[in-house]
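Below is one structure, written out as structure tokens; the observations come after it.
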Amino acid sequence: MIQSNILLLFFLFMIACTPKPDVSFNGIEVEQNLVITNSNENEYVYFRFPNNFIVVDSLINKELNKISRKINYSNILNIEDSSSTNKIKSFFVNNNQHPYILHKISLSDTLNQVIYKIDSSRINLLKQNFFYPKIVNQKENDSLDKFNYIKTNQLLFPCPNIDIPQSLNLLPNAPRKYRSGTHQGIDFAGYYGSEVRNVYNGVVIRSDHHYNEVSNEFRNNLLNKASKINRTPSDIFVNILYGRTVMIDHGFDIIKDKRIISIYAHLSKINPEIKVGEYISRGAIIGNVGNSGTSDGAKGNKKSAHLHFELIIQDKDGERYLGKNIYGEELVKLLNRIFSHK
Ligand SMILES: [Zn+2]
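At position 35 of the sequence shown the residue is numbered 35 (our numbering), and the sequence of numbers has no breaks.
Encoded structure:
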């Protein structure tokens with residue numbers, strides 16, 4: 001009994017005398033002299049270790065995470081606001097991150113040194129996000145109408161058997177250099193004289209039964225004026241470039257807090273029954289594809305005929321066209337989702 005007690009004491013003595021590892025990482029005990037020095041301002045952290053020491057990034061990150069909990073962000077940002085500094089601190093802690101970036105590595109025959117520095121630009125960016133969250137959110141909401149409120153297959157394709165065009169140049173947001181503007185609609189590739197249909201129940205609010213084509217010279221003069229102000233003025237766009245046009249007001253039927261209208265432009269003919277103030281149902285024949293309002297229309301030929309179709313959405317935030325600020329595959333997906341041939 002006494003002997004075993006002596007043995008136990010001997011073992012305890014041996015354990016106490018064994019040098020403790022400085023740090024341990026992932027079960028691997030690092031026994032070499034890793035010296036971590038941290039300046040008062042927390043701006044620099046120095047790691048010094050013998051040159052045969054293998055530096056493990058995760059080990060350094062772990063140390064930096066520990067140190068970053070003690071950073072005085074009020075000094076770094078020169079602000080008193082404790083709620084923002086606490087948010088910044090908890091951001092790093094909760095995401096298991098630290099605000100340091102590698103600053104310098106110096107190697108010598110015996111001692112290596114790695115210096116990390118506070119990444120103040122990252123801290124400042126976080127500060128801005130915490131100070132102005134409302135402005136950031138509002139901007140995102142304004143530009144990011146995903147048009148999810150338009151149901152799948154809710155709208156009828158305006159040209160029978162003609163799909164959404166493949167070319168992005170024929171879709172919303174494509175640049176239109178000739179008029180110093182941006183395409184707001186979809187150019188459906190219907191041939192001259194082919195039928196155009198109403199996409200959704202609504203009331204006619206424009207129907208150009210007495211349309212007269214303008215001369216190409218007059219049209220070009222207007223485009224010159226547009227180029228001088230580097231945009232397409234709404235009067236030139238709506239009164240001249242649309243050509244022979246029908247507009248349908250779908251009211252608040254598609255979604256209760258948004259007024260939606262559809263526009264059918266460059267028509268060659270309009271159905272005599274399409275009169276302003278009349279209610280027309282989804283699928284009603286509006287008229288025929290043409291090129292009125294285009295340069296070919298002004299020259300009197302039948303080239304480049306197509307249906308220019310637009311869907312305009314209006315609400316308390318303003319007015320935008322279907323597909324605005326949505327690009328590439330996402331745009332094509334959206335348009336294919338909402339239109340149906342039936
Ligand atoms: Zn167009």
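Heads up, the beta-carbon is just placed ideally off N, CA and C, and yes, glycines get one too.
DSSP places F237 in the helix class (H, G or I) of the three-state scheme. About 13 Å separates the beta carbons of G185 and F339, which is beyond the 8 Å limit, so they are not a contact pair.
Exclusion of the five residues before and after P160 leaves S194, E195, R197 and H341 as the residues of its chain whose Cβ lies within less than 8 Å of its Cβ. By the criterion of at least three beta-carbon pairs nearer than 8 Å, the segment 165 to 183 is not in contact with the segment 246 to 255. By the beta-carbon neighbour count (other beta carbons within 10 angstroms, threshold 16), G323 is buried.
Under the Cβ criterion (8 Å, minimum of three pairs), the segment 276 to 285 does not count as touching the segment 229 to 241.
Not a single heavy atom of ligand 1 lies less than 7 Å from the C-beta of H250.
Around Y211, the same chain offers R244 as residues with beta carbons nearer than 6 Å, after the five sequence neighbours per side are excluded. As the crow flies, the alpha-carbon of Y191 is around 59 Å from that of F91. By the C-beta density criterion, S234 is exposed, having fewer than 16 other C-beta atoms within 10 angstroms.
Taken atom to atom, the span from the alpha-carbon of L267 to that of S84 is near 58 Å.
R259 is not a Cβ neighbour of D145, given a cutoff of 8 Å. Look at the segment 89 to 131 and you find these whole runs of alpha helix (DSSP H), each 4 residues long or longer: 120 to 131. Taking the CA atoms as reference points, N201 sits about 23 Å from K316.
Taking every protein chain shown into account, the CB of Y116 has 16 or more other CB atoms within 10 angstroms, so this residue is buried. Comparing C-alpha distances from E213 to each of A298, L168, Y264 and V199 shows the shortest one belongs to A298. A265 sits in a strand when the DSSP states are folded into three classes. Rounded to the nearest whole angstrom, the C-alpha separation of S120 and E43 is 9 Å.
DSSP places I164 outside both helix and strand once states are collapsed to three, so it counts as coil. In the DSSP assignment, F188 falls within the unbroken beta strand (DSSP E) covering I186 to F188.
In terms of Cβ geometry, D208 and I164 do not form a close pair [threshold 8 Å]. K324 sits in coil when the DSSP states are folded into three classes, being neither helix nor strand. In terms of Cβ geometry, S180 and R219 do not form a close pair [threshold 8 Å].
DSSP links S207 through a beta bridge to V246. A distance of 8 Å or more separates the beta carbons of L126 and Y178. Residue nearest to A189 within the set K70, I312 and S304 is S304 (criterion: CA-CA distance). Shown here, E43 sits in coil according to DSSP, grouped into three states, outside any helix or strand. Across the structure, E330 and D109 are spaced so that their CA atoms are roughly 57 Å apart. Taken through DSSP and simplified to helix, strand or coil, S83 comes out as helix. In this structure, the beta-carbon distance from I312 to I254 does not fall below 8 Å. Counting C-beta atoms within 10 angstroms of its own C-beta, G318 has fewer than 16 neighbours from the protein chains shown and is therefore classed as exposed. G290 has its alpha-carbon roughly 10 Å from the corresponding atom of D296. For L102, the closest alpha carbon among the candidates N95, I118 and I88 is that of I118.
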